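Below is one structure, written out as structure tokens; comments come after it.
Protein chains: 2
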Amino acid sequence: MLALTILGNNSAIPAFGRNPTAQILQTQDEAYLIDCGEGTQLQLSRYKVKRSKINHIFISHMHGDHYFGLIGLISSMGLTGRTADLHLHAPEQLQQILQLQLDAANNTLPFRLHFYRLGEEGIIYNGKKMTVECFKVSHRIDCWGFLFREKKNPRSIVPELVKSYEIPSSFYDALQQGYDYTNKKGTIIPNDELTIAANPAKSYAYCADTIYDESIAKKVHLVDLLYHEATYLKDLQQRAAERFHSTTVQAGAIAIKAGVKKLLIGHFSSKYEELDAFLTETAAVFPNTELALEGVCYKI
Amino acid sequence: MLALTILGNNSAIPAFGRNPTAQILQTQDEAYLIDCGEGTQLQLSRYKVKRSKINHIFISHMHGDHYFGLIGLISSMGLTGRTADLHLHAPEQLQQILQLQLDAANNTLPFRLHFYRLGEEGIIYNGKKMTVECFKVSHRIDCWGFLFREKKNPRSIVPELVKSYEIPSSFYDALQQGYDYTNKKGTIIPNDELTIAANPAKSYAYCADTIYDESIAKKVHLVDLLYHEATYLKDLQQRAAERFHSTTVQAGAIAIKAGVKKLLIGHFSSKYEELDAFLTETAAVFPNTELALEGVCYKI
Chain A
5 MLALTILGNN SAIPAFGRNP TAQILQTQDE AYLIDCGEGT QLQLSRYKVK RSKINHIFIS
65 HMHGDHYFGL IGLISSMGLT GRTADLHLHA PEQLQQILQL QLDAANNTLP FRLHFYRLGE
125 EGIIYNGKKM TVECFKVSHR IDCWGFLFRE KKNPRSIVPE LVKSYEIPSS FYDALQQGYD
185 YTNKKGTIIP NDELTIAANP AKSYAYCADT IYDESIAKKV HLVDLLYHEA TYLKDLQQRA
245 AERFHSTTVQ AGAIAIKAGV KKLLIGHFSS KYEELDAFLT ETAAVFPNTE LALEGVCYKI
Chain B
5 MLALTILGNN SAIPAFGRNP TAQILQTQDE AYLIDCGEGT QLQLSRYKVK RSKINHIFIS
65 HMHGDHYFGL IGLISSMGLT GRTADLHLHA PEQLQQILQL QLDAANNTLP FRLHFYRLGE
125 EGIIYNGKKM TVECFKVSHR IDCWGFLFRE KKNPRSIVPE LVKSYEIPSS FYDALQQGYD
185 YTNKKGTIIP NDELTIAANP AKSYAYCADT IYDESIAKKV HLVDLLYHEA TYLKDLQQRA
245 AERFHSTTVQ AGAIAIKAGV KKLLIGHFSS KYEELDAFLT ETAAVFPNTE LALEGVCYKI
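Going line by line, the protein sequences match chains A and B. The first sequence runs 5 to 304 under the numbering used here. The second sequence runs 5 to 304 under the numbering used here.
What follows is the structure, given as structure tokens:
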């Protein structure tokens, strides 16, 4: 199971108590931080997400509302004595900026910071239980979306049954992968008599900041949860386009084309105090929509 | 009159709802921002200080808890269409960092940002109603304090009296400076019969982060309000020294040596949830002490 917590859902300027973009995607063991606007370290502590659980950070682009909180978070990790490696996937300009900031403070981090420059679409992280792909979206500057896919979980063996069928432990791996067992007499024991299906592998796509771009639909095809920005309501489609952002109905249209299960919209413009209309407009296009609300944890 | 509002009073890592260092010193016309930790733009809006009133920013040193909020504030000023010049006094490393951040966002500010590198002790700003001096304090990296002095205010002329004495308007400036008037008959009319004294010029010294350093007392001699850091309680004097910070009683000792009217202490370590002992310990040395509390406005 994946769980996504929204730490910031506002566009460029903080407003109405809403913070700039940051999200945390959690599995049972790991926490993946996606973008890191100013104040993210405070939001993490407000919503009880431990800094120490974060080993991978993904920064979509170099607009400040998506990364100004990163150096503060990294510095705090250092000050509190982190020793575990930290993996940062980001546009290349960020590396020099971070290094200058660390140098100016005469600061040597007590952990290793691995920097991976975003440059080509494809898999950028291949972990034991998760892969992460990056893909291009269309913004005023280079901007990347991220697609998180859980790996297929192994089936669970029922101990009493494998014992009673006298199945050798050397065959357990195959059982977990779904193979049937054939005993010495040639009798086939079907896998689903011996194992229980695992939770299905889930997927989450984060589309960062983007103008309406139909090519994105293919890239996030059939994901369980799609986050698409909806900076403006539908009446401001022209302004959205001028600023390389999307509207409510455009986010809904991408969700339909992509055939996703559920849509989450965010990156709301600071001009709006109330968000109800965002939901109404988007859900009229794609009913299974929710607003990305700070502090809310969306189970995937 | 000067009024100082505390926007952040905590040391390096935000804790217990306390923010990293930032202060705003206001006159009737101007607001001077002193340091700018992460989240300062949010604190400004929380305490109803208009960004547009800030024309001068002073950054003491390159530890992040004193400047990580600056790029966010400057970006927001740009996004909201500021056109007035902004004057930034800071260590030279900050210029390149800001420039890289603006370049990476493909961002041209709609206002002029004047950067003044801190390099020598002395007057760094000489305005119509205020001078600002910088002075060195003793920290792990180069660190500067700032001394704000209101210029002597002109005396107010009493219109009925200057008319009845038939004093020419060409002499009004001299009257405001305190000169007596001698009429054609050689009669001296004393200034204090013609004018009313202005409010006395006030002074405020901000000592940033520093180890206990007696030489600072001379630099802030007789100011109306002294801000001195007190990162630790007195029992942690050794830890304070190792980290180039001060304790409560050390802040009090500087206030006594400097003969200041009032002392404000802040930059409290994240290890302390309660602050009462900071006041008790410091006031035992220098009675006219207050804690720097966020959102509180200290009249000078």
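Every residue, glycine too, gets a C-beta built ideally from N, C-alpha and C. These numbers come from a predicted model, not from an experiment.
Check: Kindly list, in the order they appear in chain A, the residues whose Cβ is closer than 8 angstroms to that of T84 (chain B).; Outcome: I17
Check: Using a Cβ cut-off of 8 angstroms, pull out every chain B residue sitting near S142 (chain A), in sequence order please.; Outcome: Simply none; closest approach about 14 angstroms.
Check: Using a Cβ cut-off of 8 angstroms (strictly closer), state whether L46 (chain B) contacts chain A.; Outcome: yes
Check: Should L37 (chain B) and L6 (chain B) be called a contact, given that it needs their Cβ atoms to be closer than 8 angstroms?; Outcome: no
Check: Assuming G305 (chain A) is part of the alpha helix (DSSP H), what are its boundary residues?; Outcome: Outside the displayed range of chain A (5 to 304) lies residue 305 (chain A), so it cannot be described from this structure.
Check: I want to see whether chain A comes within less than 8 angstroms of L230 (chain B), judged by CB atoms only; does it?; Outcome: no
Check: Span of the beta strand (DSSP E) holding D177 (chain B)?; Outcome: That residue, D177 (chain B), is in no beta strand (DSSP E); its alpha helix (DSSP H) goes Y176 to Q181.
Check: May I ask you to verify whether the stretch 57-65 of chain B touches the stretch 90-106 of chain B, counting CB pairs closer than 8 angstroms and requiring at least 3?; Outcome: yes
Check: From this set, B:C211, B:G12 and B:L104, which residue's C-alpha is nearest H65 (chain B)'s C-alpha?; Outcome: B:C211
Check: Answer yes or no: does any C-beta atom of chain A fall closer than 8 angstroms to that of L29 (chain B)?; Outcome: no
Check: Can you tell me which of B:D228, B:A257, B:A221 and B:I220 puts its alpha carbon nearest to the alpha carbon of K238 (chain B)?; Outcome: B:A257
Check: Would you list, in sequence order, the uninterrupted beta strand (DSSP E) runs of no fewer than 3 residues that lie entirely inside the stretch 161-228 of chain B?; Outcome: 207-210
Check: For R121 (chain B), write down the residues that DSSP places opposite it in a beta bridge.; Outcome: B:A94
Check: Looking at the strands, I want to know which residues DSSP matches up with A35 (chain A).; Outcome: A:Q30 and A:I58
Check: When the Cα atoms are used, what is the spatial distance from R243 (chain B) to H271 (chain B)?; Outcome: 15 angstroms
Check: Pull up the distance between the alpha-carbon of T199 (chain A) and that of P163 (chain A), whole angstroms please.; Outcome: 9 angstroms
Check: Would a check of beta-carbon distances place G299 (chain A) closer than 8 angstroms to chain B?; Outcome: no
Check: Please report the Cβ distance between R159 (chain B) and T135 (chain B), rounded to the nearest whole angstrom; I am assuming they are in contact, meaning their Cβ atoms lie under 8 angstroms.; Outcome: Contact doesn't hold; Cβ gap of about 20 angstroms is too wide.
Check: Rounded to whole angstroms, what is the Cα-Cα separation between N203 (chain A) and N157 (chain A)?; Outcome: 7 angstroms
Check: Suppose you measure from the CA of L122 (chain A) to the CA of P95 (chain A); what does that come to, to the nearest Å?; Outcome: 5 angstroms
Check: Given that a residue counts as buried once 16 or more other Cβ atoms are within 10 Å of its Cβ, and exposed if not, what is A201 (chain B)?; Outcome: exposed
Check: What does A19 (chain A) pair with, by DSSP beta-bridge criteria?; Outcome: A:R22
Check: Is the stretch 111-120 of chain A close to the stretch 169-181 of chain A, with three or more CB pairs under 8 angstroms?; Outcome: no
Check: Run down chain B in chain order and give the residues with a C-beta less than 8 angstroms from the C-beta of G256 (chain A).; Outcome: Near G256 (chain A) there are no residues of chain B at all, since even the closest Cβ is about 27 angstroms away, more than 8 angstroms.
Check: Once the 5 residues before and after V53 (chain A) are set aside, which same chain residues still bring their CB inside 7 angstroms of it?; Outcome: T9, I28 and A35
Check: How would you label T214 (chain B), buried or exposed, when you count the other beta carbons within 10 angstroms and need 16 or more for buried?; Outcome: buried
Check: Buried or exposed: which applies to S56 (chain B), given that a residue is buried once 16 or more other Cβ atoms fall within 10 Å of its Cβ?; Outcome: exposed
Check: Using a Cβ-Cβ cut-off of 8 angstroms (strictly less than) and excluding sequence neighbours within five positions of Y169 (chain B), which residues of its own chain qualify?; Outcome: Y185, N187, I193 and L198
Check: Starting from A245 (chain B) and walking both ways along the alpha helix (DSSP H), at which residues does that stretch end?; Outcome: Q241 to E246
Check: Opposite V136 (chain B) in the DSSP bridges: which residues?; Outcome: B:Y129 and B:F152
Check: Give the DSSP-derived three-state secondary structure of G43 (chain B) in the structure shown.; Outcome: coil
Check: Note down, in chain order, every chain B residue with its Cβ under 8 angstroms from the Cβ of A109 (chain A).; Outcome: M66, H67, G68 and I145
Check: In angstroms, rounded to a whole number, what distance separates the CA positions of I127 (chain A) and I220 (chain A)?; Outcome: 16 angstroms
Check: Check each candidate in B:L283, B:C147, B:K133 and B:K155 and name the one with the smallest Cα separation from N292 (chain B).; Outcome: B:L283
Check: Nearest-angstrom Cα distance between A108 (chain A) and A281 (chain A)?; Outcome: 46 angstroms
Check: Taking a contact to mean a Cβ-Cβ separation below 8 angstroms, would you say I304 (chain B) touches L226 (chain B) in this structure?; Outcome: no
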